[in-house]
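In this note's numbering, the protein residues as written are 525 to 801.
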Ligand code: ZN
């Protein structure tokens with residue numbers, strides 16, 4: 525199996541968020557020759573949307589995704605409307621940044637709820653409503669299925685099959701999937717569901733590794749090569765469908781990578797991308 529091209533690496537800015545603010549992350553990408561970036565809303569807000577867009581363009585970086593929209597379910601109608609309003613703003617910001625897609629972490633159970641089917645219905649309805657706007661302005665939405673351990677509090681869409689079902693139901697014009705190997709590597713249906721998604725729905729490919737054991741549900745993601753995911757096989761599976769986009773490294777690592785110098789993290793991402801993706 526062949527190695528990836530170095531220029532296919534993209535940096536999700538969460539990977540060095542403890543070391544650097546967004547302007548320093550953009551400078552770091554330029555310094556290391558990293559060609560893609562996927563920034564988070566709070567970092568963009570801190571730098572200022574126009575300034576973030578200006579710096580990204582000045583360095584000719586491709587915005588492989590904007591993190592993130594979603595969090596649709598709420599306990600009442602006012603909460604659901606507030607979420608929709610915020611998602612429309614996220615679409616506008618993604619447009620201003622020239623992002624390839626707005627990544628959706630769809631949300632879990634409203635506070636106090638035990639109704640996961642209801643939460644999933646709210647997610648479907650929320651995406652359906654947001655699509656009326658995002659299609660009009662031309663910003664693709666990428667549903668990111670999250671590992672089932674996040675079903676309660678982050679995302680009640682937990683498999684590629686569920687994401688594909690939503691694309692079937694809502695129509696895949698302007699709607700697709702962000703495949704993050706960390707969330708879906710364990711799924712016996714994954715190869716079939718990648719094939720089902722096809723080139724049209726595969727909007728983003730996120731990489732890191734699953735550490736065994738994992739010591740924190742959120743903040744113990746591994747660097748590529750340090751865990752148990754056959755990342756290269758998954759890259760080949762998406763490429764077999766025609767995916768030729770970026771490989772976005774996204775690592776939340778409170779006790780390891782967030783404690784190392786940013787330049788060391790970026791150099792390691794580049795080296796491990798070539799060796800393991
Ligand atoms: Zn991801």
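Note that beta-carbon positions come from the ideal geometry of N, C-alpha and C, so glycine has one too. Values in this document were obtained by computation on a predicted structure and should not be read as measured data.
As assigned by DSSP and simplified to three states, the class of residue i
i, result
"residue 617", "helix"
"residue 586", "strand"
"residue 647", "helix"
"residue 642", "helix"
"residue 633", "coil"
Which listed residue (the options) has its alpha carbon closest to that of residue i
i, options, result
"residue 606", "650, 780, 799", "650"
"residue 585", "539, 559, 796, 722", "559"
"residue 693", "710, 647, 670, 677", "647"
"residue 803", "770, 746, 764", "No answer is possible for residue 803: it lies beyond the span of the chain, which begins at 525 and ends at 801."
"residue 726", "709, 535, 738, 702", "702"
"residue 530", "777, 779, 771, 788", "771"
"residue 582", "551, 742, 663", "551"
"residue 690", "666, 564, 708", "666"
"residue 633", "675, 731, 660, 617", "675"
"residue 589", "596, 580, 642", "580"
"residue 740", "716, 757, 729, 775", "775"
"residue 569", "624, 620, 628, 750", "620"
Cβ-Cβ separation, residue j to residue i (assumed contact under 8 Å), whole Å
i, j, result
"residue 684", "residue 718", "7 Å"
"residue 598", "residue 592", "Rounded, the Cβ-Cβ distance is 17 Å, inconsistent with contact."
"residue 630", "residue 679", "5 Å"
"residue 748", "residue 797", "6 Å"
"residue 708", "residue 669", "6 Å"
Classification of residue i by the beta-carbon crowding that lies within 10 angstroms, buried from 16 upward
i, result
"residue 673", "exposed"
"residue 783", "exposed"
"residue 713", "exposed"
"residue 671", "buried"
"residue 721", "buried"
"residue 658", "buried"
"residue 786", "buried"
"residue 562", "buried"
Chain C contact for residue i (CB, 7 Å cutoff)
i, result
"residue 704", "No chain C appears in the structure shown, which is made up of a single protein chain."
Exercise for review: Pick out the complete beta strand (DSSP E) segments inside the segment 656-731, 3 residues or longer, and give them in chain order.
Suggested key: Runs of the beta strand (DSSP E) lying entirely within the segment 656-731, each at least 3 residues long, are 665-667, 699-704, 726-731 in chain order.
**Study point:** Every unbroken alpha helix (DSSP H) inside the segment 531-601 [4 residues or more]
**Key:** Listed in chain order, they are 546-556, 565-571, 573-582.
Practice item. Identify every run of the alpha helix (DSSP H) within the segment 736-798, keeping only runs that are complete inside it and at least 4 residues long; order them along the chain. Key: Complete alpha helix (DSSP H) runs here, min 4: 755-764.
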